[in-house]
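Enquirer:
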Amino acid sequence: MADEQSRAPYLERWLTYLEEGVVPFSTPGHKQGRGAPPEFTDAFGARALALDIPHDGGTYETHLAVDPLDEAEQLAAALWGARDAVFLVNGSTTGNLAALLTLSQPGRPVIVTRAMHKSLLAGLVLSGARPVYVVPELHGESGLLLDIAPEAVEQALQAYPDATAVMIVSPTYTGVTSDIARLAVICHQHGVPLFVDEAWGPHLPFHPALPPAAIPSGADLAVTSLHKLAGALTQTAILLVGGDLVDTARLRAAVAMVQTTSPAAFLYASLDATRRRLALEGEGLLARTLELAERARGALASIPGLQVIGPEIVSGRPGAGFDRTRLVVDVQGIGLTGLEAKRRLRRDHGIAAEMADLVSVVCLLTVGDTPETIDALVRAFAALAAEQRAHRCSYDVRELGALLRATGPVVAGAPQVLTPREAYFAPVERVPLTAAAGRIAAEPITPYPPGIPVVAPGEAIRPEVVEFLQAGIAAGMRFNGASDPTLQTIRVVHE
Ligand SMILES: Cc1ncc(COP(=O)(O)O)c(C=O)c1O
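Taking the numbering used here, the leading residue of the sequence shown gets 1, the next gets one more, and so forth.
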């Protein structure tokens, strides 16, 4: 296998294009860069433009005996322990859409995590499936999303025996993984496939100190973003097929339906090269990343006022895991919201963090980090803390904590009157939030923290949800997905 994995058939085939002296009368119209704006060519590089060709008609010509994409995908499948793999050029977003178009049916229930990425919700709109949500628990102190409780999935499958699939996110944005092995056993006892949105876990198989990856743990289908954490170019991802419960032909047809017909060969080449590097050097690279993460964790935790969240948040939860390359830095103790801290890290200290919410800043550590980048991160946080020492937090921490703890009960049990698809195509109107109780939501509203939609399209909005949102606004919560970010108004289905 090591020998096989030292090959990179797609990368190699793509590079030969330059040597062939091809004169293209085909896309892209910039024709090896000659027709591109010169200032763009200068910025991006003439060689990069000369290699910007589409897959079909560029790297892959129909007269070639072997499609290098096919070979590259099979090498990726073998490395991730999968039966098949599909390269994607529009991120895990494409994978989530294709997964729903493959594993669900219009009007039939599908068990879905309530803390889903918006692309899973888009997949529900495309497919017309009826979501039955499982709500992950929240960590008591930090309010962070925890794993999906296997018991909740078992209950949902018993209540909805005609469900076609279970779809979860693992790891979460902040690095918590679910007990995939147990979830897979439960799903298989009920004869349904388990799909894992593993967008945040492309690196998991490559170091024993990281939580187990989805496919080797028994998941039937997973999607993972190699651009996020594995060193591949932006937009690259892979769909991985595990067991026999997934019809791969249907999956490939679904991908073809939602993805461009002109995939850039350099994105496929990047996936192929990244796969080879992970196969040959992944463990060493990740050992270094984990070592740097521990160093950063220690240094940040020693700065008064900062708290770095770690694996302790899943203690006492059997089967749950935590990805230690993720740094979730709680900044409440230095009197800042995460959002403000992220803004100042970027503006004043040249540090671009991945994400922030009211409470924390999330920094990703990857195979691209070095001792120098870690030092820069720690220096920036230390400077921020020093600038802040005398300030109090701009919101009431206890009030927010109480709200976070209330999220699960508020979300649970909302009546799903219409499917997300029906709500999407229904005529809608905008009403004041204060008048929204009893109406059917036409848009999702997701407060950060904790990142669970409190309102999902097609659900009846209950009075306790309106009260929760009003208290959230007063506490400074931010809301994603709402067409009116101030949440004065909300889009509902017209009556
Ligand atoms: C859980 C989850 N799934 C899917 C996606 C979509 O991934 P991509 O940006 O690769 O399309 C994201 C993006 O942040 C995500 O957080």
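Note that beta-carbon positions come from the ideal geometry of N, C-alpha and C, so glycine has one too.
According to DSSP, what are the bridge partners of A330?
Expert: The displayed chain sequence assigns Asp, not Ala, to residue 330. According to DSSP, which records beta bridges pairwise, D330 is partnered with Q307 and S360.
Enquirer: Tell me the residue span of the beta strand (DSSP E) that contains P109.
Expert: From DSSP, the beta strand (DSSP E) with P109 extends over P109 to T113.
Enquirer: Helix or strand or just coil, what does DSSP make of M257?
Expert: In the structure shown, M257 sits in a helix (DSSP, three-state: H, G or I).
Enquirer: How about Y10 and A72: are their beta carbons less than 8 Å apart?
Expert: Yes, the Cβ-Cβ distance between Y10 and A72 is below 8 Å.
Enquirer: Which same chain residues, not among the five before or five after T172, have their C-beta less than 6 Å away from its C-beta?
Expert: Cβ neighbours of T172 beyond the five flanking positions: L145.
Enquirer: Counting C-beta neighbours from all protein chains within 10 Å, is the total for R250 16 or more, i.e. buried, or is it exposed?
Expert: So R250 ends up on the exposed side.
Enquirer: Would you kindly work out how many angstroms separate the C-alpha atoms of R276 and L418, rounded to a whole number?
Expert: Distance between the alpha carbons of R276 and L418: 46 Å.
Enquirer: Pick out whichever of R108, V135 and A253 has its Cα sitting closest to the Cα of V125.
Expert: Closest option to V125, Cα to Cα, is R108.
Enquirer: Could you tell me the alpha carbon to alpha carbon distance between P24 and L15, rounded to whole angstroms?
Expert: Cα to Cα, the separation comes out at about 16 Å.
Enquirer: Measuring CB to CB, does G319 end up less than 8 Å from D179?
Expert: Their beta carbons are under 8 Å apart, which means G319 touches D179 by this criterion.
Enquirer: Are the stretch 387-396 and the stretch 404-421 touching, with three or more C-beta to C-beta distances below 8 Å?
Expert: They do not touch, by the three-pair rule.
Enquirer: With 16 as the cutoff for other CB atoms within 10 Å, does L64 come out buried or exposed?
Expert: Residue confidence is low: L64 scores 47 on pLDDT, short of 50, so the model does not pin down where it sits. No coordinate-derived value is stated.
Enquirer: Restricting to Cα atoms, I'd like to know which of E198, R83, V246 and P212 is closest to K228.
Expert: Looking at the Cα atoms, E198 is the closest of the given residues.
Enquirer: Going by the C-beta, is H203 closer than 7 Å to any heavy atom of ligand 1?
Expert: No; taking the cut-off as 7 Å, the Cβ of H203 has no heavy atom of ligand 1 nearer than that.
Enquirer: Only counting the same chain, and skipping five residues up and downstream in sequence, which positions put a Cβ closer than 8 Å to that of H549?
Expert: Residue 549 lies beyond the stretch modelled for the chain, which goes from 1 to 495, so this question has no answer here.
Enquirer: Here's a check: name, in chain order, each residue in its chain whose Cβ is nearer than 7 Å to the Cβ of E422, leaving out the five neighbours to either side.
Expert: Cβ within range, chain order: G458.
Enquirer: Taking C-alpha atoms, which residue in Y160, G451 and T102 lies nearest to G408?
Expert: Taking only the C-alpha atoms, the option nearest G408 is G451.
Enquirer: I want to know whether the stretch 237-252 touches the stretch 35-48 - three or more CB-CB distances under 8 Å.
Expert: Output reads no: the stretch 35-48 does not touch the stretch 237-252.
Enquirer: Applying the 10 Å Cβ sphere with the 16-neighbour rule, what's the burial state of Q235?
Expert: Q235 should be labelled buried.
Enquirer: Since I believe A385 is in contact with G305 (beta carbons under 8 Å), could you give me their beta-carbon distance rounded to a whole number of angstroms?
Expert: The Cβ separation is near 5 Å, so the contact holds.
Enquirer: Determine the DSSP secondary structure at E20, reduced to helix, strand or coil.
Expert: E20: coil per DSSP, three-state reduction.
Enquirer: Identify every residue that forms a DSSP beta bridge with F322.
Expert: Answer is V176, bridged to F322.
Enquirer: In its own chain, which residues sit with a C-beta less than 7 Å from the C-beta of L97, not counting the 5 before and 5 after it?
Expert: S119, A122, G123, L126 and V258.
Enquirer: Looking only at C-alpha atoms, which of A269, L433, A78 and I303 sits nearest to L69?
Expert: Of the listed residues, the one whose Cα sits closest to L69 is A269.
Enquirer: Tell me whether S119 counts as near ligand 1, meaning its Cβ is closer than 7 Å to at least one heavy atom of that ligand.
Expert: Yes, Cβ of S119 sits closer than 7 Å to a heavy atom of ligand 1.
Enquirer: For D220, count neighbouring C-beta atoms within 10 Å of its own C-beta (all shown protein chains included) and say buried if the count is 16 or more, exposed if not.
Expert: Counting Cβ neighbours within 10 Å, D220 comes out buried, since at least 16 surround it.
Enquirer: How far does the beta strand (DSSP E) with T154 in it reach, from first residue to last?
Expert: Note that residue 154 is Glu in the sequence shown, not Thr. Segment P150 to A159 is the alpha helix (DSSP H) holding E154; no beta strand (DSSP E) there.
Enquirer: Can you tell me whether E443 is buried or exposed? The criterion is at least 16 other CB atoms within 10 Å of its CB, across all chains shown.
Expert: By the neighbour-count rule (16 or more Cβ atoms within 10 Å), E443 is buried.
Enquirer: From the DSSP secondary-structure annotation, give me the bridge partner or partners of Q105.
Expert: Paired residues: none, contrary to the question.
Enquirer: Would the beta-carbon of Y268 be found less than 7 Å away from any heavy atom of ligand 1?
Expert: Because no heavy atom of ligand 1 lies under 7 Å away, the Cβ of Y268 does not count as near it: no.
Enquirer: How far does the beta strand (DSSP E) with T498 in it reach, from first residue to last?
Expert: Absent from the model: residue 498. The displayed extent of the chain is 1 to 495, so no value can be given.
Enquirer: Would you kindly check if the distance between the Cβ of L75 and the Cβ of E12 is under 8 Å?
Expert: Contact: no.
Enquirer: Does the distance from the C-beta atom of A177 to that of D323 stay below 8 Å?
Expert: Contrary to the premise, residue 177 reads as Thr rather than Ala in this sequence. It is a contact, given that the beta carbons lie within the stated cut-off.
Enquirer: Closest to S217 by CA distance: which of E294, G91 and G243 is it?
Expert: Checked all of E294, G91 and G243; the closest Cα to S217 is G243.
Enquirer: Any chance you could list the beta strand (DSSP E) runs of at least 3 consecutive residues sitting entirely within the stretch 23-88, in chain order?
Expert: Correct list: 84-88.
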